[in-house]
Each structure stands twice: as C-alpha cells, then as structure tokens.
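What follows is a set of notes on a single structure, which appears directly below.
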Amino acid sequence: NAGVTQTPKFQVLKTGQSMTLQCAQDMNHEYMSWYRQDPGMGLRLIHYSVGAGITDQGEVPNGYNVSRSTTEDFPLRLLSAAPSQTSVYFCASRPTGEKINTGELFFGEGSRLTVL
Amino acid sequence: SQQGEEDPQALSIQEGENATMNCSYKTSINNLQWYRQNSGRGLVHLILIRSNEREKHSGRLRVTLDTSKKSSSLLITASRAADTASYFCATLSTGRRALTFGSGTRLQVQP
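First to last, the sequence lines map onto chains A and B.
Start counting the first sequence at 441; every next residue gets the next number (the numbering used here).
Start counting the second sequence at -11; every next residue gets the next number (the numbering used here).
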C-alpha cells in the first residue's frame, strides 16, 4: 500500500495563479482532510470530507476549494494564489464509522508551496 | 484558534535522559493523540488516549491525561538521537469530526 500520496512535493506560484494540490489514498478511508502548517502555528484545518460528495470547512477555508468525487481522491484548489498561502500543505485520512472511528490520522509527506 | 498548546516549545536533552512534553486544551474531548514529525516529513501517529483513560504506554512512550485540568503529558524514556523531531498533540473534541493540533514541541536529543 502506498498510503497517502501528495503531488506535487514542491511548487512555486505567482500571485493570482491557480493550481491544484493532489491527494490520493489507497486505504479506502472515508475521511480525508487538508491542513496547512506554518512556523509556530502548528497545523490548521482547511477543509475535510467524510465521504464522496460530502465536504465541510475547517478553521481556515478562505481561498481554497475542495471536492470529493471518489473515495480515493481529495484535491485542494487554490483559485487565486496569494503570498499568505505560502505554506506546507498536508493531506491526511482515516477510516470512519461507529466501530472504527479511532481518530488516528494517516498523513502524506506534504506539499511545499511558495507564492511570490 | 489552537485547541492544544504544547509546552515547552523547544527541548534539548542528552541521549539517555527522559523527555517530557505537556499539552493543554480548552474543550471537552473524545480522545487526545500525539504525533511525531521528522524534519521535512509528514506526521506519524504515536499514541491515542481516550477521555476515560488516565495513562497509556507504548514502548518507551508514556502518555497521561487529566481531563479535570484539560492537560496531557508525553514522556519519552531513555531518549535516543533518533527521537529528535517535533511532537504535536491533537484533540478530537466531543461531537466534532476533525482533529485540532497544537503548535508542537521541538525535541533535540544530543548524542
């Protein structure tokens, strides 16, 4: 199993450009989420999804869009990149359901984004 | 706002010593988890403690939870240079679906 796979690992954008960060998992996890990590601020939740077709906002959703058309994929779209979105982005997943909702997250290796 | 806050922000110890990190949180929780992050890598789950548990062990890790004080501690015994990493606590609040992370403790273990 590959686990949680994020692409690209590194990306440089200019202000105003758009892009999509890809996240795929092969563990059949219903729950997927995106966090951003900034120095001294830990991880902050951007968006999450509890299954295909269901998404919800986290703590810092502005400037980001998500969709969940399949169980495996959860892309994060930056519509018009801003320097404030320079960060490291992590995708994470876990199984859900009454009996297996342990809360333990499985993380990808991260995507480092710089917006100039 | 951050749910969990770790203390200290940074910790430097010698190999063989014990390392203790603390986490405080604000709301009622379902469980509290600790994660480790090596430099430039993703986070890896270490241990989970449920709200009705007070202490849990896993290898050299010992986690305690005091729900009355809304705090937890992670003890790493007999530390090794390979334990050098950042450690994060994360809480699953009651009725919520998403984990909330603290700002982390950077642990440096000197060989």
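Glycine is no exception: its CB is placed at the ideal position from the N, C-alpha and C atoms.
What does the Cβ neighbour count give for residue i, buried or exposed, with the cut at 16 atoms within 10 Å?
i, result
"Arg42 of chain B", "exposed"
"Gln98 of chain B", "exposed"
"Phe93 of chain B", "It should be noted that the sequence gives Thr, not Phe, for residue 93 of chain B. The residue in question, Thr93 of chain B, is buried, as its Cβ has 16 or more Cβ neighbours within 10 Å."
"Gln(-3) of chain B", "exposed"
"Phe89 of chain B", "buried"
"Val444 of chain A", "buried"
"His45 of chain B", "exposed"
"Val51 of chain B", "buried"
"Arg517 of chain A", "exposed"
"Gln465 of chain A", "buried"
"Ala532 of chain A", "buried"
"Ser0 of chain B", "exposed"
Measure the beta-carbon distance from residue i to residue j and round it to whole angstroms, keeping in mind my assumption that it falls under 8 Å.
i, j, result
"Glu3 of chain B", "Ala69 of chain B", "6 Å"
"Asn19 of chain B", "Ile37 of chain B", "6 Å"
"Leu553 of chain A", "Leu483 of chain A", "The Cβ separation is near 15 Å, so there is no contact."
"Ile64 of chain B", "Arg48 of chain B", "6 Å"
"Thr55 of chain B", "Ser39 of chain B", "6 Å"
Return helix, strand or coil for residue i, following the three-state DSSP convention.
i, result
"Asp478 of chain A", "coil"
"Ala442 of chain A", "coil"
"Gln(-10) of chain B", "Caution applies to Gln(-10) of chain B, whose pLDDT of 48 falls short of 50 and renders its modelled position unreliable; the value that the coordinates give is listed next. Gln(-10) of chain B: coil per DSSP, three-state reduction."
"Gln(-3) of chain B", "coil"
"Gln457 of chain A", "coil"
"Ala66 of chain B", "coil"
"Asp570 of chain A", "The shown model of chain A, from 441 to 556, leaves out residue 570 of chain A, and the question about it has no answer."
"Ser16 of chain B", "coil"
"Asp513 of chain A", "strand"
"Ser46 of chain B", "strand"
"Ser91 of chain B", "coil"
"Ala524 of chain A", "The sequence given here has Ser at residue 524 of chain A, not Ala. DSSP places Ser524 of chain A in helix when its eight states are reduced to three."
"Asp54 of chain B", "strand"
How about residue i: is its C-beta nearer than 8 Å to some C-beta of chain A?
i, result
"Ala(-2) of chain B", "no"
"Arg24 of chain B", "no"
"Ser91 of chain B", "yes"
"His45 of chain B", "no"
"Gln21 of chain B", "yes"
"Gly4 of chain B", "no"
"Gln(-10) of chain B", "Only weak support exists for where Gln(-10) of chain B lies, its pLDDT of 48 falling under 50; the coordinates are left without a value."
"Gly30 of chain B", "yes"
Using a C-beta cutoff of 8 Å, does residue i count as contacting chain B?
i, result
"Val506 of chain A", "no"
"Glu544 of chain A", "yes"
"Phe547 of chain A", "yes"
"Gly480 of chain A", "yes"
"Lys539 of chain A", "The predicted position of Lys539 of chain A is uncertain, since its pLDDT is 48 and thus under 50; no value can be drawn from it."
"Phe514 of chain A", "no"
"Ser473 of chain A", "yes"
Nearer than 7 Å: is that true of the beta carbon of residue i relative to any heavy atom of the ligand GDP?
i, result
"Asn19 of chain B", "Annotation note on the ligand GDP: not contained in the displayed structure, which lists no ligands."
Pair every Cβ in the segment 4 to 15 of chain B with every Cβ in the segment 469 to 479 of chain A, then say whether three or more of these pairs are closer than 8 Å. no
Segment contact, 8 Å Cβ cut-off, at least three pairs: the segment 507 to 524 of chain A with the segment 455 to 469 of chain A: yes
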